[in-house]
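One structure is given here, and the rest of the page talks about it.
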Amino acid sequence: VLDELLVKHYKDQVLIIGMYLDQLEKVARRYNAPLITGKTSVRQRRDLYDQFKNGEISTLIVSKVGNFAVDLPNANVMVQISGMFGSRQEEAQRLGRILRPHGNSLAHFYTIVTKDTVDQQYGANRQLFLTEQGYQYTILYEDEVADYEPAVFNS
């Protein structure tokens, strides 16, 4: 699924965010993308954030440190691959990373959830929460991702 999303958004500034370091390290190696964790020095974080903001790198992977005090106004796609899926606060913080004003660009927030797991129930709770907050929410199965074209709505 992540392969398909990155192909679909190859022209975009993509943040991949998660909670499990071993998972994030594998993703960073697979896509040859930089990874920021709690162990990343402040200077290196700043350098990577600046490179992302300047468009020198288009994909940045962050652990839960990305939930707090990160300003990446050009990020228009976020893919959440793991997290505390029951946490509305975490969801709101992650949405806030990409829903800041970007001119006329459209932001996309994806959460990858494994079917028939406890995460699927958390996903249903998130869907209710996000819908109540006024967000459009679409559920896709793995075989639907490649053909999916997000709808554009005018407010």
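Numbering follows my numbering, in which position 24 of the sequence shown is assigned residue number 27; successive positions increment by one, without gaps. Note that beta-carbon positions come from the ideal geometry of N, C-alpha and C, so glycine has one too. Treat the numbers as computed from the prediction; the structure is a model and nothing was measured.
For residue j and residue i, the rounded distance between their alpha carbons
i: Val10; j: Tyr23; result: 23 Å
i: Ser85; j: Val148; result: 18 Å
i: Asp122; j: Leu63; result: 24 Å
i: Thr134; j: Asn128; result: 10 Å
i: Gly39; j: Leu8; result: Note on residue identity: the sequence assigns Ile, not Gly, to residue 39. Computed Cα separation, rounded: 21 Å.
i: His12; j: Ser61; result: 10 Å
i: Leu18; j: Thr43; result: 16 Å
i: Glu59; j: Leu27; result: 21 Å
i: Arg32; j: Asp25; result: 11 Å
i: Ala47; j: Gln139; result: The sequence given here has Gln at residue 47, not Ala. The alpha-carbon atoms of Gln47 and Gln139 are separated by roughly 36 Å.
i: Gln130; j: Arg49; result: 33 Å
i: Tyr52; j: Ile115; result: 24 Å
i: Gln54; j: Asp6; result: 23 Å
For residue i: DSSP bridge partner residues
i: Ile64; result: Ile19 and Leu38
i: Val82; result: Ile19 and Tyr113
Segment limits, beta strand (DSSP E) that includes residue i
i: Tyr52; result: Unbroken run through Tyr52 is the alpha helix (DSSP H), Val45 to Lys56; no beta strand (DSSP E).
i: Thr114; result: His111 to Thr114
Distance between beta carbons of residue j and residue i, contact taken as under 8 Å
i: Tyr113; j: Val82; result: 5 Å
i: Val4; j: Glu145; result: 5 Å
i: Ser66; j: Gly137; result: So it is not a contact: roughly 29 Å between Cβ atoms.
Interface flag, residue i vs chain B, CB-CB below 8 Å
i: Lys118; result: Among the chains of the structure shown, chain B does not appear; only one protein chain is present.
Residues near residue i by beta carbon distance below 7 Å, same chain, minus five either side
i: Leu143; result: Tyr151
i: Asp119; result: none
i: Val68; result: Ile39, Thr40 and Gly41
Cβ shell of residue i (< 6 Å), same chain only, five flanking positions each side left out
i: Asp15; result: Asn79 and Val80
i: Phe156; result: Summary for Phe156: the model assigns pLDDT 44, below 50, so the residue's position carries little reliability; its value from the coordinates is reported in the next sentence. Answer for Phe156: no residue qualifies.
First through last residue of the alpha helix (DSSP H) which encompasses residue i
i: Gln130; result: Val121 to Glu135
i: Asp6; result: Leu5 to Lys11
Same chain, Cβ closer than 8 Å to residue i, five either side skipped, listed in chain order
i: Thr117; result: Gln123
i: Asn35; result: none
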